[in-house]
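Residue numbers (our numbering), protein chains in the order written: chain U, 1 to 153; chain Y, 1001 to 1101.
Cβ atoms here follow ideal geometry from the backbone N, Cα and C, with glycine treated the same way.
Being a predicted model, the structure only gives us computed values, none of them experimental.
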């Protein structure tokens, strides 16, 4: 099984984990982003949403589980074909929530271009944006190195 | 969608190839969002629909530039399934009746 190990800076990543944990707590019974479900049968809608929430929360828990005592000892996290799907989806969910909760003052165009002035953000928003970028980097790493395994799974 | 390497790399020529049939009473439409990476959206399209890389990129670019792309059409039950799976991947997927039918 293909596997990649990534060495991270504890000093940089540790504060971002608090952001992810705060997002996880906020997601308890909510989707990261509202989804339009007007065309979904009313009877099906609640079950549909509940399953999405359940999988989303499982994915985010799996993301946070990467940063365990081994990570704090070694600074290393590992991605493989078993966890790649979950981690990719978890990163997407947390990024969507961060955009909704902390980065909503940034225009879509600026966010898409990454054209954000960090100095203009307050401390909480700056940390949220750093977390947003960190999770994008995680996604890019997984896609770059594990794409074939993800497509075959 | 968010700029990343996928946008700065030259786009492959989209050859005339057979897409998933875009005919049927219901369609699955993916809407643009400013968060998900282009490379992520391409990956999801390839995984969910089995698109070639070129087809997945064509739909991703359409989402990015036009705000939406019809990625599948067909019977309602299958359309619901695809929309559900895309929403699992946190793409904004909606169902629409195919008014051209």
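Do the region 144-151 of chain U and the region 75-85 of chain U touch if we need at least three Cβ pairs shorter than 8 Å?
-> Judged by Cβ distances under 8 Å, the region 144-151 of chain U makes contact with the region 75-85 of chain U, as three or more pairs qualify.
Per DSSP, which residues does residue 1089 of chain Y bridge with? Please list them.
-> Partner(s): none; residue 1089 of chain Y has no beta bridge.
Grab me the residues of residue 136 of chain U's own chain with a C-beta within less than 8 Å of its C-beta, minus the 5 sequence neighbours each way, in chain order.
-> Cβ neighbours of residue 136 of chain U beyond the five flanking positions: 91 and 95.
Curious, which full-length alpha helix (DSSP H) runs of at least 4 residues does the region 28-97 of chain U contain?
-> Runs of the alpha helix (DSSP H) inside the region 28-97 of chain U: 42-65 and 69-74.
Compare the C-alpha of residue 1047 of chain Y against each of Y:1092, Y:1086 and Y:1096 and name the closest.
-> It is Y:1086 whose Cα lies nearest to the Cα of residue 1047 of chain Y.
Mind checking which residues open and close the beta strand (DSSP E) that includes residue 19 of chain U?
-> Unbroken run through residue 19 of chain U is the alpha helix (DSSP H), 10-26; no beta strand (DSSP E).
Using a C-beta cutoff of 8 Å, does residue 1025 of chain Y count as contacting chain U?
-> Nearest CB-CB separation between residue 1025 of chain Y and chain U: not below the 8 Å threshold.
Hey, could you find the ends of the alpha helix (DSSP H) residue 1061 of chain Y is sitting in?
-> Element bounds for residue 1061 of chain Y: 1053-1066.
Shortest alpha-carbon distance to residue 1102 of chain Y belongs to which of Y:1050, Y:1072, Y:1092 and Y:1036?
-> Residue 1102 of chain Y lies beyond the stretch modelled for chain Y, which goes from 1001 to 1101, so this question has no answer here.
Give the straight-line distance between the Cα atoms of residue 112 of chain U and residue 71 of chain U, rounded to the nearest whole angstrom.
-> Straight-line Cα distance between these residues: approximately 31 Å.
With DSSP collapsed to three states, give me the class of residue 1029 of chain Y.
-> If DSSP states are grouped into helix, strand and coil, residue 1029 of chain Y belongs with the strands.
To the nearest angstrom, report how far apart residue 1063 of chain Y and residue 30 of chain U are at their CA atoms.
-> About 25 Å.
Taking residue 1075 of chain Y as the reference, which of Y:1033, Y:1039 and Y:1026 has the closest Cα?
-> The residue with the shortest Cα to Cα distance from residue 1075 of chain Y is Y:1026.
Please confirm if residue 1035 of chain Y has its CB atom under 8 Å from at least one CB of chain U.
-> Closer than 8 Å: yes.
Could you give the distance in angstroms between the alpha-carbon of residue 88 of chain U and the alpha-carbon of residue 1089 of chain Y?
-> Going by the C-alpha atoms only, they are around 8 Å apart.
Can you say whether residue 1014 of chain Y is buried or exposed, counting buried as having 16 or more other CB atoms within 10 angstroms of its CB?
-> Because the pLDDT of residue 1014 of chain Y is 43, which lies under 50, any placement of that residue in the model is unreliable, and the number read from its coordinates should be weighed accordingly. Taking all protein chains in view, the Cβ of residue 1014 of chain Y is surrounded by fewer than 16 other Cβ atoms within 10 Å, so the residue is classified as exposed.
Proximal residues of chain Y, C-beta to C-beta of residue 95 of chain U below 8 Å = By Cβ distance, chain Y contributes 1035 and 1036.
To the nearest angstrom, how far is it from the Cα of residue 109 of chain U to the Cα of residue 1034 of chain Y?
-> Their backbone Cα atoms lie some 7 Å apart in a straight line.
Contacts around residue 21 of chain U, its chain only, beta-carbon distance under 7 Å, and the 5 residues preceding and following it disregarded | For residue 21 of chain U, where only same-chain residues beyond five positions count, the Cβ hits under 7 Å are 64.
Counting Cβ pairs closer than 8 Å, one from the region 5-22 of chain U and one from the region 127-134 of chain U, do we hit at least three?
-> Here the region 5-22 of chain U makes contact with the region 127-134 of chain U; the two share three or more CB pairs at distances below 8 Å.
Consult DSSP for residue 2 of chain U and reduce its assignment to one of helix, strand or coil.
-> Residue state, collapsed to three classes: coil.
Who are the neighbours of residue 1069 of chain Y on chain U, taking C-beta pairs under 8 Å?
-> Those do not exist, as residue 1069 of chain Y stays about 15 Å from chain U at its closest Cβ, beyond 8 Å.
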